[in-house]
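Its first residue numbered 1, the sequence shown is counted upward by one per residue in the working numbering. Glycine included, every Cβ here is placed at the ideal spot set by N, Cα and C. The block underneath contains the structure these notes are about, expressed in structure tokens.
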Amino acid sequence: MPLAEWDALAAAATARGIPPFMAAKFQPWYLSMILSMSPCVIRETAEGGKGLDHRLLVIAAQADIPTASLEPYTTIFELFSDDPVEE
Numbered sequence: 001m002p003l004a005e006w007d008a009l010a011a012a013a014t015a016r017g018i019p020p021f022m023a024a025k026f027q028p029w030y031l032s033m034i035l036s037m038s039p040c041v042i043r044e045t046a047e048g049g050k051g052l053d054h055r056l057l058v059i060a061a062q063a064d065i066p067t068a069s070l071e072p073y074t075t076i077f078e079l080f081s082d083d084p085v086e087e
């Protein structure tokens, strides 16, 4: 990776609380997923903020509407990790 691109990637990872040496160890699909989240969302979550899913669960509970997962939480990780890194 050219140095200028690495510097930009390292800065983006650092802004999200990920040390660049750790970001270098992530699979590309996982790093791109992390970098797609804005730094302020990651900070808010780390400080105990609740995301949209949690807010919807609260609304459903208040309305006495049952909720269930569509798939196990591991599904997305399995789908991405099954693809070759080149893809």
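Exercise. Helix, strand or coil: which one does DSSP assign to E39?
Worked result: Contrary to the premise, residue 39 reads as Pro rather than Glu in this sequence. Helix.
Problem set entry | Opening and closing residue of the alpha helix (DSSP H) in which A8 lies | Here the alpha helix (DSSP H) through A8 covers L3 to A15.
For this session: With DSSP as the reference, label F26 as helix, strand or coil.
Result: Three-state DSSP puts F26 in coil, outside helix and strand.
For this session: Report the residue from R43, T74 and P84 whose alpha carbon sits nearest the alpha carbon of R16.
Result: The residue with the shortest Cα to Cα distance from R16 is R43.
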